[in-house]
Each structure stands twice: as C-alpha cells, then as structure tokens.
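Asker: Supplied in structure tokens, the structure appears directly below.
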Amino acid sequence: MEEDRSESDWGGLAPDILMNIISRLTVQELWTGPMFVRKSWLTVCRDSYLWSIFDLEPWFESYPQSAHLWSPDFERKVDLMLRSVVDWSDGGLTEIRVRHCSDYALSYATDRCPNLQVLAIRSSPNVTDASMTKIAFRCRSLKEIDISYCHEISHDTLVMIGRNCPNLRILKRNLMDWSDSSRRSGFVPTEYVDACPQDGDTEADAIGKHMINLERLEIQFSRLSVKGLASICEGCPKLEYLDLSGCVHLSSRDIANNVSRIKRLKEVKKPDVYVPRSGDVAQTERYGHWRLYDERFDIQAMSSSLV
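What follows is the structure, given as structure tokens:
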C-alpha cells in the first residue's frame with residue numbers, strides 16, 4: 001500500500017519538481033542514489049530528458065589507476081551502462097564520455113543515436129576500426145573525438161572520420177608514455193602497451209589530408225617525425241591548439257619552422273624528453289634546449305623571427 005501511495009504522490013514531490021532536482025545530479029549520483037529509492041523515482045531517472053549526455057569522465061578522473069579497470073568484467077559493466085543509457089535516451093544521446101568500452105556497445109549506440117556530437121572513449125582496448133568506421137558513416141555531426149590509448153584503432157579510422165565528419169573540431173589521439181614504464185606498471189597489461197601504434201607519420205598524414213577544420217589537436221607521445229608534423233601544419237590551417245608533449249623525435253627547430261605556417265595557432269605544448277636520432281630508447285633527462293622556451297610558445301615572436 002505504501003508503494004501504491006508513492007506512485008500517485010511521487011513520494012511527496014510533484015513530478016516536475018522531482019525532475020528538476022534529479023536533473024542537477026551527476027551520472028554517478030543518479031546511478032547510485034535516486035534510482036533505488038522507489039519505482040516512481042526510477043521512472044523519472046530513465047526519462048530521455050536526462051540522457052542527452054552520458055559523461056563518466058569525472059568518475060574515472062577521481063578513481064585511482066587499477067588493473068581492475070582493464071579487466072573483461074569491468075568492460076562488460078561499462079558496456080551495460082552505455083547500452084542502458086542509449087535506450088533511455090530514446091535516440092537523443094549527443095555526447096558519450098566513457099572509458100573501457102567495446103565495439104559491441106559502441107555499435108549499439110551508433111545504430112540508435114545518429115546525432116552524436118562528442119565521442120570520448122580513451123583507454124578502450126577492445127574498440128577497433130570496425131565500430132569506428134560505422135560511427136564515421138552514421139554519426140556525421142561529430143565535433144569532438146577522443147581515441148587516446150585505443151591501440152586497436154588505426155590511421156584508417158582517422159581517414160574515415162575525416163572524410164565523413166566535416167564538423168570535427170577536436171581530435172585527441174594521445175598515446176601512453178612509452179619512455180617511462182613506471183607510470184603504468186601494475187595496472188596496464190604489458191601486451192597492450194607493446195601494441196602501441198608505431199607509425200606516427202601515417203596517422204599525421206591522415207589528419208593533415210582529411211581533417212581540414214580541426215581547431216584543437218592532441219597527439220601526445222606520437223612517434224611522428226618532422227615529415228608528419230609538416231603534413232599536419234599544411235593540412236590543418238584552423239588549428240588554435242596543438243599538443244606535442246612527448247613527441248620526442250621533433251626538435252625545437254622542427255616545431256618552430258612548421259607551426260609558423262598556422263596563422264590561428266595560439267598555443268603549442270612542446271616535448272620534454274629527448275630521443276637521440278640514432279637510438280630508439282628515450283632518455284629520462286630533460287631535453288636541454290627546451291629550457292629556453294616558456295611552457296607555451298610565443299607564436300607571434302617565432303613568426304616574426306622567421307620572416
């Protein structure tokens with residue numbers, strides 16, 4: 001009888017008031033609180049109005065790194081959450097920010113949410129070109145993509161996304177710091193680290209040729225050379241922000257000569273380690289001449305000095 005009464009009076013709150021309150025909660029708070037209070041609250045929590053955005057990134061940022069996150073069991077839980085949100089959104093999902101999901105969940109989202117604008121799936125070892133190609137063809141309104149640390153995604157995805165998603169403005173394709181294994185030791189599977197993409201120039205060429213409207217690009221620890229950097233600087237004239245942290249095969253002269261072509265560029269983040277031209281092993285010492293530069297490059301000063 002108590003539950004029957006609550007169904008009619010929403011636990012003492014009018015439906016619009018309850019919706020207003022619940023809409024202010026984070027995804028974590030929704031998932032662990034009001035959904036379990038009573039059936040009427042669960043119904044409100046599943047309203048499509050609340051699920052245009054699915055953002056688990058704050059939770060991942062606050063959760064300590066753990067081998068548990070890389071387990072098949074955890075991936076299944078993330079997939080289940082994403083599939084549930086896709087259903088509740090009634091096709092209105094426009095933003096997905098998760099980690100450790102799979103092709104299975106992404107394909108499910110793609111089939112039902114063609115208006116997706118933001119897709120961030122960093123650290124997803126079982127996302128491949130297969131689901132990303134499907135996204136490229138189905139979700140042509142994409143404006144932002146984060147495929148950092150997704151080692152099963154290749155340059156083919158960058159080509160397909162670039163060709164089919166002309167509104168893309170932000171690309172994050174950061175890789176793990178392969179120069180310092182201690183940062184990931186104990187929680188990232190060794191075989192996954194070893195599978196890290198090696199040909200940075202191929203990816204840079206795909207970006208430069210097919211992503212002309214990019215405004216923000218992050219490619220931390222890419223192994224691109226000056227040839228790859230030149231491809232990006234020639235093909236992406238609208239770039240305002242470029243993160244080259246850890247791109248140790250680039251010298252200060254390489255960067256200065258190339259980024260000076262991008263008139264809109266406001267900030268460049270530089271590498272801070274050095275790999276000798278004749279070797280493949282990164283040195284842990286700081287790259288001495290980088291100390292001559294501030295944390296961000298003065299683009300105008302560089303441009304004028306090269307005229």
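Here UniProt numbering is used: the first residue of the sequence shown is 1, the next is one more, and so on.
Ideal Cβ placement from N, Cα and C applies to all residues, glycine included.
1. How far does the alpha helix (DSSP H) with residue 241 in it reach, from first residue to last?
2. Can you give me the Cβ contacts of residue 228 inside the same chain, cut-off strictly under 6 Å, excluding the 5 residues immediately before and after it?
3. At the 8 Å Cβ level, is residue 76 part of the contact set with chain D, yes or no?
4. How would you write the range of the alpha helix (DSSP H) that residue 161 sits in, first residue to last?
5. How should residue 341 be labelled, buried or exposed, when 16 other C-beta atoms within 10 angstroms of its C-beta is the threshold for buried?
6. Do you know offhand how far residue 93's Cα is from residue 145's?
7. For the beta strand (DSSP E) containing residue 193, list its first residue and its last residue.
8. Out of 223, 127, 239 and 143, which has the shortest C-alpha to C-alpha gap to residue 161?
9. Is it buried or exposed, residue 243, if we count other Cβ atoms within 10 angstroms and call 16 or more buried?
10. With a cut-off of 8 Å on the beta carbons, I'd call residue 103 and residue 131 a contact; round off their distance for me.
11. If you pair each beta-carbon of the region 171-178 with each one of the region 47-62, do three or more pairs fall below 8 Å?
12. Name the DSSP beta bridge partners of residue 54, please?
13. If you scan the region 191-266 from start to end, which runs of the alpha helix (DSSP H) of 4 or more residues do you find wholly inside it?
14. Let me know if residue 271 comes out buried or exposed under the rule of 16 or more other beta-carbons within 10 Å of its beta-carbon.
15. Could you check where the beta strand (DSSP E) with residue 134 kicks off and where it finishes?
16. Taking all protein chains shown into account, do 16 or more other C-beta atoms lie within 10 angstroms of the C-beta of residue 295, making it buried, or fewer, making it exposed?
17. What is the DSSP secondary structure of residue 371, counted as helix, strand or coil?
18. Cβ atoms of residue 26 and residue 58: under 8 Å apart, would you say?
19. For residue 143, does the three-state DSSP call read helix, strand or coil?
20. If you measure between the beta carbons of residue 231 and residue 247, is that distance less than 8 Å?
21. Which residue comes first and which comes last in the beta strand (DSSP E) that contains residue 171?
22. Can you tell me the Cα-Cα spacing of residue 150 and residue 195, whole angstroms?
23. Measure from the alpha carbon of residue 136 to the alpha carbon of each residue in 210, 268, 86 and 67, then state which is nearest.
24. DSSP puts residue 118 in a beta bridge; with which residues?
25. Please return the same chain residues whose Cβ sits closer than 6 Å to the Cβ of residue 308, not counting the five positions on each side in sequence.
26. For residue 126, write down the residues that DSSP places opposite it in a beta bridge.
27. Can you give me the C-alpha to C-alpha distance between residue 238 and residue 169, rounded to a whole angstrom?
28. Looking at C-alpha atoms only, which residue of 166, 226 and 197 is the closest neighbour of residue 215?
Answerer: Let's see:
1. Taking the sequence shown and counting its residues from 1, the one referred to as residue 241 is at position 241. It is not in any alpha helix (DSSP H) - residue 241 instead sits in the beta strand (DSSP E) that spans 241-243.
2. Numbered from 1 along the sequence shown, position 228 holds the residue referred to as residue 228. Only 200, 201 and 204 meet the Cβ criterion.
3. Going by chain labels, chain D is absent from the structure shown, which holds only one protein chain.
4. Residue mapping note: residue 161 aligns to position 161 of the sequence shown, counting from 1. Its alpha helix (DSSP H) spans residues 155-164.
5. Because the chain here runs from 1 to 307, residue 341 falls outside it and cannot be looked at.
6. Counting from 1 along the sequence shown, the entry for residue 93 is found at position 93. Counting from 1 along the sequence shown, the entry for residue 145 is found at position 145. In a straight line, the C-alpha of residue 93 is about 15 Å away from that of residue 145.
7. Position 193 of the sequence shown, counting from 1, holds the residue named residue 193. Note, residue 193: premise wrong, no beta strand (DSSP E); alpha helix (DSSP H) at 190-194.
8. As a position in the sequence shown, residue 161 is number 161, starting the count at 1. The residue with the shortest Cα to Cα distance from residue 161 is 143.
9. For this step, residue 243 is matched to residue 243 along the sequence shown. Result: buried.
10. Residue numbering aside, residue 103 sits at position 103 when the sequence shown is read from its first letter. Residue numbering aside, residue 131 sits at position 131 when the sequence shown is read from its first letter. Right, their Cβ atoms sit about 4 Å apart.
11. no
12. Within the sequence shown, residue 54 is the residue found at index 54, counting from 1. For residue 54, which the question treats as bridged, DSSP gives the partners 96.
13. 200-210, 226-235 and 252-259
14. Here residue 271 is taken as the residue at index 271 of the sequence shown, counted from 1. Buried: at least 16 other Cβ atoms inside 10 Å.
15. Taking the first residue of the sequence shown as 1, we reach residue 134 at position 134. Segment 129-138 is the alpha helix (DSSP H) holding residue 134; no beta strand (DSSP E) there.
16. Along the sequence shown, read from residue 1 onward, the residue named residue 295 stands at position 295. Residue placement at residue 295 cannot be trusted, given a pLDDT of 35 that sits under 50; what the coordinates show is reported in the next sentence. Under this definition residue 295 is an exposed residue.
17. Residue 371 is absent from the model: the chain starts at 1 and stops at 307.
18. As a first step, residue 58 is located in the sequence shown; it is residue number 58 there, counting from the start. As a first step, residue 26 is located in the sequence shown; it is residue number 26 there, counting from the start. Yes, these two residues count as a Cβ contact at 8 Å.
19. Start at 1 with the first residue of the sequence shown, and residue 143 comes out as number 143. Of the three classes helix, strand and coil, the one that applies to residue 143 here is coil, per DSSP.
20. Position 231 of the sequence shown, counted from the start, is the residue given in the question as residue 231. Position 247 of the sequence shown, counted from the start, is the residue given in the question as residue 247. Contact flag unset, no.
21. Walking along the sequence shown from the start, residue 171 turns up at place 171. First-last of the beta strand (DSSP E) with residue 171: 170-172.
22. Along the sequence shown, read from residue 1 onward, the residue named residue 150 stands at position 150. Along the sequence shown, read from residue 1 onward, the residue named residue 195 stands at position 195. Each residue's alpha carbon lies about 10 Å from the other.
23. By one-based count along the sequence shown, residue 136 stands at place 136. Per the Cα distances, 210.
24. Residue mapping note: residue 118 aligns to position 118 of the sequence shown, counting from 1. Answer is 95 and 144, bridged to residue 118.
25. Because residue 308 is not part of the residues shown, which for the chain are 1 to 307, the question remains open.
26. Within the sequence shown, numbered from 1, the residue matching residue 126 stands at position 126. Paired residue(s): 102.
27. Position 238 of the sequence shown, counting from 1, holds the residue named residue 238. Position 169 of the sequence shown, counting from 1, holds the residue named residue 169. When rounded, the distance between both Cα atoms is 9 Å.
28. As a working note, residue 215 is residue 215 in the sequence shown. Considering only alpha carbons, the answer is 166.
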